[in-house]
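Residue numbering for the sequence shown is 963 to 1119, as defined by our numbering. For reference, the structure is listed below as C-alpha cells.
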Amino acid sequence: EVVDETMYYGRGAGRLPTASAVVADVADVAKNMLLMPHCRANRQDRNPLRRMPSSESMMKPHADQLMRSYLRLEVKDIAGSLAKVTGILAQHNISILALTDFLRGRPLPGAATMPTGGFAPIVILTGEASCSELDAALDACLKLPEVGPSYARFRVE
963 EVVDETMYYG
973 RGAGRLPTAS
983 AVVADVADVA
993 KNMLLMPHCR
1003 ANRQDRNPLR
1013 RMPSSESMMK
1023 PHADQLMRSY
1033 LRLEVKDIAG
1043 SLAKVTGILA
1053 QHNISILALT
1063 DFLRGRPLPG
1073 AATMPTGGFA
1083 PIVILTGEAS
1093 CSELDAALDA
1103 CLKLPEVGPS
1113 YARFRVE
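What follows is the structure in C-alpha cells.
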C-alpha cells in the first residue's frame, strides 16, 4: 500500500474502487512516468526489476530532449520587432508552427489601452527543437530592447 494509515466512515465503497486503490493507481502512474518513461504501467507485473530500461533506452539529458513549445513574449509595437524575434528562432533552428500577434496598435480584448510601454503579446507555437536551443533562443530574445521582460514558456505534448 502506498497510503499508510487511513480511516473511513460512512457508507462502504460497494462495487466502486476505494480511495486507497485510486491513490495507488495514481502513485503507480507517477512512479512509472518518473523512473521508466518509455515503459507503460503493467498492473500484473509489480516487479520494477523486470521492467528496467536497457542502456540504449535511457532518457537523454534534458538539454538534448526534443520538444515543441508554447512561447508568449511581449514585443514593442514597432516595425521589425517581430522579424528580430523570428530571426533569432531561425538562427537556433527552431521552426514556427503557429504565430498570433496583437501588434496592430489596438487594445487587446477587454483592455482600454495598449499594454504599458507600447508592448503587446505575441504567442508562438514552435516545432520540435532541443531544450538547449530553446533556452538559448529565449535568452537571446529577452536581451533585445524590443522584447519586454515578461514571458511564458510551456512544453507542448
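Note that CB positions come from ideal geometry on N, CA and C, so glycine has one too.
Check                                                                                : Outcome
Under 8 Å between C-beta atoms of Ala1102 and Ile1050                                : yes
Of the listed residues Thr1088, Ala1045, Asp1039, nearest to Ser1110 (C-alpha basis) : Looking at the sequence itself, residue 1110 is Gly, so the reference to Ser does not match. Taking only the C-alpha atoms, the option nearest Gly1110 is Asp1039.
Boundaries (first-last residue) of the alpha helix (DSSP H) holding Leu1044          : 1043-1053
Secondary structure of Glu1090, DSSP reduced to three states                         : coil
Assigned secondary structure, Leu1096 (DSSP; H/G/I helix, E/B strand, else coil)     : helix
Through-space distance from Asp990 to Ser1112, alpha-carbon basis                    : 37 Å
Rounded C-alpha distance that separates Asp1063 from Val1118                         : 19 Å
Residues that DSSP places opposite Glu1036 in a beta bridge                          : Pro1083
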